[in-house]
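Below is one structure, written out as C-alpha cells; the observations come after it.
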Amino acid sequence: MLLRGINLNRSSILNFSRFLNHGAQLPTVSVIIPALNEAENLPHVLPRIPAWVNEVILVPGPSTDNTVEVARKLVPRIRIVDQVGKGKGAALRCGINAATCDIVVLIDADGSTDPAEISAFVAALLAGADFAKGSRFLYGGGTADMQPYRQLGNWD
25 MLLRGINLNR SSILNFSRFL NHGAQLPTVS VIIPALNEAE NLPHVLPRIP
75 AWVNEVILVP GPSTDNTVEV ARKLVPRIRI VDQVGKGKGA ALRCGINAAT
125 CDIVVLIDAD GSTDPAEISA FVAALLAGAD FAKGSRFLYG GGTADMQPYR
175 QLGNWD
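Read left to right, the sequence shown gives residues 25 to 180 (the numbering used here).
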C-alpha cells in the first residue's frame, strides 16, 4: 500500500496484527457506519468488523426498514446515533461527533468498504499518516458493480 510519504507494506500490517495479539497499548478505534435502509447489507458487513475495534456507531438516518433492529441483533454493543440534517454528510458528521475513540474509521453499510481493510487504515495512521483512504481505482482495488458513468463521478 502506498501512502504519500509513507511506505506501508504487508509486513507493516502484519506487525500491527501482532501488536493486537500481544495486548499492546494502542489508540482506541471508533468505526462509523452511515446506513440508510441497509438492513439487507448489514449481515455482510457488521460481523466482519475486527473484534479489537472499541466502538461501532451506526447512523441509520430516516431508515424505513429494520436497519436498527438488524444492527442490534448482529452487534449488541453497537451505538445508534440519531441523524440531524439530510444526506450522508450529515450522517457522517453526527457519527464523528458521537465518537469517543482516538481514531475514527468510516465505512459504508453497503459493503463497498471491506471491513478487513480497517486494519490497514489504522496501521497507516500508526505508521505516521495523518489520513488514510481506500480507493477502488488503485492497484489492488476494484468493484464489479460500478457502471462506467458512475466511475467518472467516483474517481479518487
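Each residue gets a CB set at the ideal place from its N, CA and C atoms; glycine is no exception.
Residue-chain proximity (residue i, chain C), Cβ-Cβ < 9 Å
i: residue 157; result: Annotation note: the requested chain C is absent from the structure, which comprises a single protein chain.
Which listed residue (the options) has its alpha carbon closest to that of residue i
i: residue 74; options: 112, 83, 54; result: 54
i: residue 137; options: 150, 126, 158, 122; result: 158
i: residue 63; options: 150, 93, 50; result: 93
i: residue 96; options: 67, 123, 154, 117; result: 67
i: residue 112; options: 148, 131, 145, 147; result: 131
i: residue 108; options: 155, 122, 101; result: 122
i: residue 101; options: 114, 89, 76; result: 76
Spatial neighbours of residue i in its chain, beta-carbon cut-off 6 Å, leaving aside the 5 residues before and after
i: residue 65; result: 133, 134, 135
i: residue 99; result: 70, 80
i: residue 141; result: 158
i: residue 126; result: 51, 52
i: residue 119; result: 56, 81, 83, 105
Where the beta strand (DSSP E) containing residue i begins and where it ends
i: residue 120; result: Where residue 120 is concerned, there is no enclosing beta strand (DSSP E), although the alpha helix (DSSP H) it sits in stretches over 111-122.
Any non-hydrogen atom of the ligand SAM closer than 8 Å to residue i Cβ
i: residue 99; result: Absence of the ligand SAM is noted for the structure shown, with no ligands found whatsoever.
Contact set for residue i: own chain, Cβ-Cβ below 8 Å, skip 5 residues either direction
i: residue 87; result: 59, 60, 61, 62, 63
Per DSSP, cross-strand counterpart(s) of residue i
i: residue 103; result: 81
i: residue 55; result: 80, 129
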